[in-house]
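What follows is a set of notes on a single structure, which appears directly below.
In the numbering used here, the protein residues as written are 47 to 219.
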């Protein structure tokens with residue numbers, strides 16, 4: 047559900063970051079699930095302080111796990127927030143590199159409770175911490191993804207993904 051109680055509708059975004067596209071054969075497929083959590087005009091973000099990278103919390107689907115379970119686990123691990131995915135509102139397909147197709151499921155989520163994040167060693171090294179950011183500010187950061195295309199291609203791809211999902215969320219709520 048959106049902040050105003052309306053059910054969000056599913057929206058699919060596809061983008062390509064190389065010459066391959068959806069018709070190409072990919073050796074691997076990586077599925078991730080991400081949660082958009084909004085509270086009082088702020089959005090919950092996983093902030094990698096070492097590289098100053100702002101990402102919507104989420105991560106990879108594990109074997110035997112449903113996408114909703116993955117979203118709950120990943121948001122809790124990264125931020126400490128126990129959430130409930132209430133609406134699967136967007137899928138962002140990314141074709142990046144020569145052999146991997148990324149499918150990113152995005153959920154609108156509600157907060158249930160909070161505890162300490164359970165960060166992995168590499169996340170600790172990245173200085174990962176949960177931050178509440180103003181929606182308009184983070185939207186502005188993501189909408190400028192094109193400026194990173196040549197200088198920081200990974201940030202370019204990640205911010206483009208986040209922009210597409212957040213833009214869809216904001217249009218549907």
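Note that CB positions come from ideal geometry on N, CA and C, so glycine has one too.
Residues that residue i bridges to, as DSSP identifies them
i, result
"residue 83", "155"
"residue 77", "149"
"residue 176", "92"
"residue 106", "78"
Neighbour-count burial assignment, residue i, 16 or more Cβ in a 10 Å radius
i, result
"residue 166", "exposed"
"residue 162", "exposed"
"residue 168", "exposed"
"residue 196", "exposed"
"residue 206", "buried"
"residue 190", "exposed"
"residue 200", "exposed"
"residue 186", "exposed"
"residue 217", "exposed"
"residue 183", "exposed"
Helix, strand or coil at residue i [DSSP, three-state]
i, result
"residue 119", "helix"
"residue 88", "strand"
"residue 101", "strand"
"residue 127", "strand"
"residue 168", "helix"
"residue 185", "helix"
"residue 202", "helix"
"residue 136", "strand"
Rounded separation between residue i and residue j - CA only
i, j, result
"residue 115", "residue 179", "25 Å"
"residue 157", "residue 177", "14 Å"
"residue 78", "residue 112", "11 Å"
"residue 120", "residue 170", "15 Å"
"residue 123", "residue 108", "14 Å"
"residue 65", "residue 204", "Reliability fails at residue 65, whose pLDDT of 49 lies under 50, so the model's placement of it is uncertain and the value that follows must be treated cautiously. One C-alpha to the other measures close to 18 Å."
"residue 219", "residue 133", "11 Å"
"residue 150", "residue 140", "8 Å"
Near the ligand FMN: residue i beta-carbon under 7 Å from a heavy atom
i, result
"residue 200", "The model depicted lacks the ligand FMN and carries no ligand whatsoever."
Neighbourhood of residue i by C-beta, 6 Å cutoff - its chain only, sequence neighbours within 5 removed
i, result
"residue 159", "128"
"residue 75", "147"
"residue 101", "92"
"residue 106", "78"
Sequence-distant residues of the same chain with beta carbon closer than 7 Å to residue i, five excluded per side
i, result
"residue 95", "173, 175"
"residue 131", "81, 114, 117, 118, 153, 155"
Nonlocal neighbours in the same chain, by C-beta distance under 8 Å from residue i, ignoring five residues either side
i, result
"residue 73", "145, 146"
"residue 88", "178, 179, 180, 181"
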